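**Student:**
Numbering (my numbering), first residue to last: 8 to 342.
1. What is the DSSP secondary structure of residue 204, counted as helix, strand or coil?
2. Contact check, residue 232 vs residue 35 under 8 Å by CB: the rounded distance?
3. CB-CB under 8 Å to residue 141, same chain, minus the five flanking residues each way: which ones, in chain order?
4. My guess is that residue 240 and residue 226 are in contact by the Cβ rule of under 8 Å, so how many angstroms apart are they, rounded?
5. Thinking residue 94 and residue 303 are a contact (beta carbons under 8 Å), I'd like their distance in whole angstroms, please.
6. Is it buried or exposed for residue 256, if we count other Cβ within 10 angstroms and need 16 for buried?
7. What number of angstroms, rounded off, separates the C-alpha of residue 98 from the C-alpha of residue 120?
8. Which same chain residues, not among the five before or five after residue 269, have their C-beta less than 6 Å away from its C-beta?
9. By the three-class DSSP mapping on this structure, what secondary structure does residue 165 have?
10. How far does the beta strand (DSSP E) with residue 259 in it reach, from first residue to last?
11. Suppose contacts are defined by Cβ-Cβ distances below 8 Å. Is residue 194 in contact with residue 184 by that definition?
12. Tell me the DSSP secondary structure of residue 41 in three-state form.
13. For residue 239, write down the residues that DSSP places opposite it in a beta bridge.
14. Tell me the DSSP secondary structure of residue 4 in three-state form.
15. Rank 125, 81, 243 and 292 by C-alpha distance to the C-alpha of residue 176 and give the top, closest one.
16. So, is residue 197 buried or exposed, given that buried needs 16 or more other C-beta atoms within 10 angstroms?
17. Starting from the Cα of residue 213, find the closest Cα among 247, 199 and 204 and give me that residue.
18. Could you have a look at residue 109 and say whether DSSP puts it in helix, strand or coil?
19. Determine, using beta carbons only, whether residue 118 and residue 156 come nearer to each other than 8 Å.
20. Determine the direct distance from the alpha carbon of residue 159 to that of residue 314, and round the result to whole angstroms.
21. Please state whether the Cβ-Cβ distance between residue 311 and residue 258 is less than 8 Å.
22. May I have the straight-line CA-CA distance separating residue 179 from residue 251, to the nearest angstrom?
23. Starting from the N-terminal side, write out each stretch of the alpha helix (DSSP H) that is 4 residues or longer and does not extend beyond the stretch 109-182.
24. If you follow the beta strand (DSSP E) that residue 197 is in, where does it begin and where does it stop?
25. In the DSSP assignment, find the alpha helix (DSSP H) that holds residue 100 and state where it starts and stops.
26. According to DSSP, is residue 290 helix, strand or coil?
27. When DSSP labels each residue in this structure, what does residue 83 get in the three-state scheme?
28. Measuring straight from C-alpha to C-alpha, what distance separates residue 27 and residue 85?
29. Which of the three DSSP states, helix, strand or coil, is assigned to residue 77?
30. Between the Cα of residue 201 and the Cα atoms of 187, 161 and 21, which residue gives the shortest distance?
31. Would DSSP call residue 244 helix, strand or coil?
32. What's the gap between the Cα of residue 168 and the Cα of residue 203?
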């Protein structure tokens with residue numbers, strides 16, 4: 008009896024949930040369609056559209072400029088599963104002319120394995136610099152000016168394999184710190200957790216850290232709403248100090264230290280507190296990017312395409328799949 012009652016309750020809750028979702032969706036579409044009917048009756052309302060669209064585009068432009076300014080410092084993008092790391096990676100790559108990457112993110116992306124990239128100056132390493140004992144190697148001219156995007160860094164450089172990585176990636180630390188000298192470029196890393204990425208790599212990537220705080224646009228409601236369904240929006244936090252990023256500190260403006268009703272009376276004190284907070288914790292700021300869903304090319308199940316022999320049944324991007332497969336076959340033949 009109790010079991011049947013529980014099933015009925017679960018079914019009713021599920022029904023109410025779906026009714027709520029579709030009520031919101033249909034209401035949104037009714038308002039959207041109603042707006043255009045109102046425009047037919049009152050043409051001057053088109054002025055609202057003329058004003059709103061440019062403001063929306065200006066906001067997207069400012070958000071993009073701000074985000075790319077952080078990216079081009081050499082940063083680590085991190086965050087939990089489904090928080091929007093991949094969307095941010097894709098957004099950054101879409102705003103580059105050409106990039107190198109460990110995985111495929113579209114037409115402007117050339118796949119280069121992490122080993123081939125970071126060990127391209129071998130046998131040179133820090134000891135070569137210390138002893139002034141350099142071994143000249145051939146330069147990859149096609150890499151000049153192209154940033155390297157290392158996706159899933161925890162897979163390629165797990166902190167648990169510290170001894171192996173130190174032995175087999177001796178040139179990597181020197182490559183990372185001299186990228187601007189070597190190829191006039193920068194490195195962008197993607198990781199689920201800062202502390203899981205190889206310590207030597209993490210400590211050399213010191214310019215900044217971007218934490219993905221959540222993605223909007225793939226939920227049961229957002230994916231069906233007018234206009235909104237075309238975009239994916241990712242909230243993020245930027246930090247310029249590792250300790251602040253690791254602890255997930257809030258920006259000074261979000262702490263609420265100064266009460267709104269009295270902050271005018273203590274301007275000097277509030278300013279001093281802010282300066283002290285920034286001096287201790289570095290720059291911390293919130294941001295939001297908006298990405299058109301049709302510009303998302305990355306494969307969320309990349310490793311199933313390179314580990315399994317069979318082509319995944321869900322994989323429809325034939326061109327990208329063949330590109331990945333060719334890269335794997337090339338690496339296999341080399342070995």
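Cβ coordinates follow ideal geometry from the N, Cα and C atoms, glycine included. Just so you know, these numbers come straight off a predicted model, no measurement behind them.
**Tutor:** In terms of the structure at hand:
1. Looking at residue 204 - three-state DSSP - the assignment turns out to be strand.
2. Contact holds; Cβ gap of about 5 Å.
3. So the list reads 131 and 135, once near-sequence residues are dropped.
4. Cβ atoms of residue 240 and residue 226 stay farther apart than 8 Å, at about 11 Å.
5. Yes, they are in contact, since the Cβ atoms of residue 94 and residue 303 sit about 7 Å apart, within 8 Å.
6. Buried, because 16 or more other Cβ atoms sit within 10 Å of the Cβ of residue 256.
7. Put simply, the backbone Cα of residue 98 is about 21 Å away from that of residue 120.
8. Low confidence applies here, because residue 269 scores a pLDDT of 47, under 50, leaving its location unreliable and the question unanswered by this model.
9. Of the three classes helix, strand and coil, the one that applies to residue 165 here is strand, per DSSP.
10. Per DSSP, residue 259 belongs to no beta strand (DSSP E) and is neither H nor E.
11. Not in contact: residue 194 and residue 184 (Cβ atoms no closer than 8 Å).
12. In the structure shown, residue 41 sits in a helix (DSSP, three-state: H, G or I).
13. In the DSSP output, where bridge partners are listed per residue, residue 239 has 298.
14. Here the chain covers residues 8 to 342 and nothing more, so residue 4 does not appear.
15. Selected option, being the one with the closest Cα: 125.
16. Answer is buried; the Cβ neighbour count reaches 16.
17. The residue among 247, 199 and 204 with its C-alpha nearest the C-alpha of residue 213 is 247.
18. Here residue 109 carries a coil assignment [DSSP, helix/strand/coil].
19. Not in contact: residue 118 and residue 156 (Cβ atoms no closer than 8 Å).
20. Distance between the alpha carbons of residue 314 and residue 159 is about 15 Å.
21. It is not a contact, given that the beta carbons lie outside the stated cut-off.
22. The straight-line gap separating the alpha-carbon atoms of residue 179 and residue 251 is approximately 26 Å.
23. Those alpha helix (DSSP H) runs which fall completely within the stretch 109-182 and span 4+ residues are 121-125, 133-138, 160-163 and 169-175.
24. Residue 197 -> beta strand (DSSP E) spans 194-198.
25. For residue 100, the uninterrupted alpha helix (DSSP H) run begins and ends at 92-101, by DSSP.
26. It is coil, neither helix nor strand.
27. If DSSP states are grouped into helix, strand and coil, residue 83 belongs with the strands.
28. In a straight line, the C-alpha of residue 27 is about 34 Å away from that of residue 85.
29. In the structure shown, residue 77 adopts helical secondary structure according to DSSP, grouped into three states.
30. Among 187, 161 and 21, the Cα nearest to that of residue 201 belongs to 161.
31. Three-state DSSP puts residue 244 in a strand.
32. Answer to the nearest angstrom: the Cα atoms are 10 Å apart.
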